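Visitor: All residue numbers for the sequence shown refer to our numbering, where the first residue is 1163 and numbers rise by one.
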Amino acid sequence: MAGLKFPASLNKLSDQDKAPLLEPRTVHKLLRVMGGKNNGKKLLSPNDSSVRPMMEVVRGAVFNMLQARGGYTGGLPPGKWLDLYSGTGSVGIEALSRGCLAAHFIEMDPWVISKVLKPNLDATNYTEQSVVHMLKVETYLEKQATNPKAEVFDYISVTPPYEAVHYPTLMEQLSTSPLVGDYTYVIVEYPLKSKDEMPEACGPLAKIVDRRYGRTHLAVYGPNP
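#1: Who are D1372's beta bridge partners in DSSP?
#2: Below 8 Å, can you find three or more Cβ-Cβ pairs linking the segment 1350-1368 to the segment 1328-1336?
#3: To the nearest angstrom, report how far apart Y1352 and C1262 are at their CA atoms.
#4: Per DSSP, which residues does A1265 bridge with? Please list them.
#5: Whose CA, out of H1328, P1208, P1330, G1343, lies closest to the CA of I1275?
#6: Report yes if the CB atom of P1215 is closer than 8 Å to the CB atom of S1259, and no otherwise.
#7: For H1379, count the other beta carbons within 10 Å of its own beta carbon; 16 or more makes it buried, fewer makes it exposed. Which is it?
#8: Closer than 8 Å is the cut-off here; do at least three beta carbon pairs connect the segment 1303-1314 with the segment 1277-1287?
#9: Find out if the Cβ-Cβ distance for the pair A1292, A1265 is shorter than 8 Å.
#10: Can you give the beta carbon distance from E1359 to P1330, rounded, assuming they're within the 8 Å contact cut?
#11: Could you check the C-alpha separation between R1194 and N1226 for me, to the nearest Å?
#12: Report the option in V1320, D1372, S1248 whose CA atom is closest to the CA atom of V1342.
#13: Just mark W1243 as buried or exposed, buried being the case when its beta carbon has 16 or more other beta carbons within 10 Å.
#14: Kindly list the residues whose CB is nearer than 6 Å to the CB of K1373, restricted to its own chain and excluding five residues on each side of it in sequence; keep chain order.
#15: Let me make sure I understand the geometry here. Which of K1191, G1197, D1210 has the alpha-carbon closest to that of K1153?
#16: With DSSP as the reference, label E1218 as helix, strand or coil.
#17: With DSSP run on the structure shown, which of helix, strand or coil describes E1325?
#18: Hey, V1189 and Y1375: beta-carbon distance below 8 Å or not?
#19: Do you know how far the Cα of L1238 is from the Cα of L1228?
#20: Taking a contact to mean a Cβ-Cβ separation below 8 Å, would you say A1307 touches P1340 in this structure?
#21: Taking 7 Å as the cut-off, is the CB of Q1291 close to at least one heavy atom of the ligand HEM?
#22: Out of P1323, T1289, E1269, D1284, which has the shortest C-alpha to C-alpha gap to L1297?
#23: Just tell me which of Y1347, G1233, W1273 has its CA closest to the CA of D1210.
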């Protein structure tokens, strides 16, 4: 109404109550493939803290160890890789670059899948060798536990957001999962505070590596030598 004035305090309150505008999510190219066919290829990652990719020094060490245990100096033995909490897909893509025949990626964030993971698969020409599942890791493991057609994976990588995971529950799910076979390798990243929660075995597999890389700890479960 013309001539009607409101107290300055109400105007101030109205400004404070306005919902803040969310910044659009963006990507950048800070990651790269460490070896194999796509060695040196740049990969997209979110330009925020929503995804915590495996550090390159850790990824390189993991794959060098797996290659040595498999007796392959130039790559991995052909097999299937399961990338849990895949985010950028850098671990599964590394596996494909080094010789794996197929990879499954488990990621719950639709934006990460559409703007990061799938573009990375397209850029490395691994879309045809990949299956992307959009759901929580815990839900995926629950479904596979009762799936009569569940197939054993040769490698399973677990790189979760530390604060969002209860490691005893996660490791119990993996230990009883039909996805884990007698010759599977399971690679798990975990924080220092969870060290005492990491079991000495994962189903039929023994803990064969438990190392620290800066603030990251890595446990690898596999067949006894």
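Positions of the beta carbon are idealized from the N, C-alpha and C atoms, including for glycine. Only a predicted model underlies this, so the values are computations on that prediction, with no experimental measurement involved.
Guide: Looking at the atomic coordinates:
#1: For D1372, which the question treats as bridged, DSSP gives the partners A1381.
#2: Output reads yes: the segment 1328-1336 touches the segment 1350-1368.
#3: Just so you know, the alpha carbons of Y1352 and C1262 end up roughly 24 Å apart.
#4: Answer by DSSP bridge pairing, in chain order: W1243, S1292.
#5: Residue nearest to I1275 within the set H1328, P1208, P1330, G1343 is P1208 (criterion: CA-CA distance).
#6: In this structure, S1259 does not lie closer than 8 Å to P1215 by Cβ.
#7: By the 10 Å Cβ count, H1379 comes out buried.
#8: A contact is defined here as three or more CB-CB pairs under 8 Å, and the segment 1303-1314 fails this definition with respect to the segment 1277-1287.
#9: Going by the sequence as given, residue 1292 is Ser instead of Ala. Cβ atoms of S1292 and A1265: closer than 8 Å.
#10: The Cβ separation is near 5 Å, so the contact holds.
#11: When rounded, the separation of the alpha-carbon atoms in R1194 and N1226 is 16 Å.
#12: Across the set V1320, D1372, S1248, the C-alpha of V1320 shows the shortest separation from the C-alpha of V1342.
#13: Flag for W1243 reads buried.
#14: Lys is not the amino acid found at residue 1373; the sequence shown has Arg there. Excluding the 5 residues flanking it on each side, R1373 has same chain C-beta neighbours closer than 6 Å at L1380, in chain order.
#15: It is not possible to answer for residue 1153, since the shown part of the chain is limited to 1163 through 1387.
#16: In the three-state reduction of the DSSP assignment, E1218 falls in the helix class, which pools H, G and I.
#17: Helix.
#18: No, Cβ-Cβ distance for V1189 and Y1375 is not below 8 Å.
#19: Using only the alpha carbons, I get a separation of about 7 Å.
#20: Cβ distance < 8 Å, so A1307 and P1340 count as in contact.
#21: Within the structure as shown, the ligand HEM is missing, as the structure has no ligands at all.
#22: Ranking the options by Cα distance to L1297, first place goes to E1269.
#23: Taking the Cα of D1210 as reference, the smallest distance to any Cα among Y1347, G1233, W1273 is reached at W1273.
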